[in-house]
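Take 0 as the starting number for the sequence shown in numbering that gives the first Met the number 0 and just add one per residue.
Backbone N, C-alpha and C fix where the C-beta goes; we use that ideal spot for every residue, glycine too.
Remarks on the structure that follows.
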Amino acid sequence: MRGRTQYTWLYLKSQQAFPNISMLPTEIYPSRRGLAVQKGEAQLLAQLNEGIFRLKENGTLDHLYAKHFAVLEASEVPF
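Structure representation (structure tokens):
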């Protein structure tokens, strides 16, 4: 679970709105991110791919993902 889905789930759980519903241990439809370019933009696509490769290689992509997209821990939610 990520983002708004987890906040919603944790809020409903804290309010005991649905006491007989439980969360699945794994995601059924994992969230994925992507970029797109217009057809024919081969140079731009190559530049994006190279940039992503470099960010992944030096750890920056993992850092950014952890900071902005990682799964929220229940302890981080204030209710």
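Once DSSP output is grouped into helix, strand and coil, what is the label at GLY50? helix
Three-state secondary structure assigned by DSSP to ALA73: Only weak support is given to the placement of ALA73: the predicted model assigns it a pLDDT of 42, under 50, and the value that follows is read from those uncertain coordinates. DSSP places ALA73 within a helical segment (H, G or I) once states are collapsed to three.
Span separating the alpha-carbon of GLN46 from that of GLN15: 49 Å
Where PHE78 and TYR64 are concerned, what is the direct C-alpha to C-alpha distance, given to the nearest angstrom? Confidence is the limiting factor: at PHE78 the pLDDT is only 46, short of 50, which leaves the residue's position unreliable, though a coordinate-based value still follows. Just so you know, the alpha carbons of PHE78 and TYR64 end up roughly 25 Å apart.
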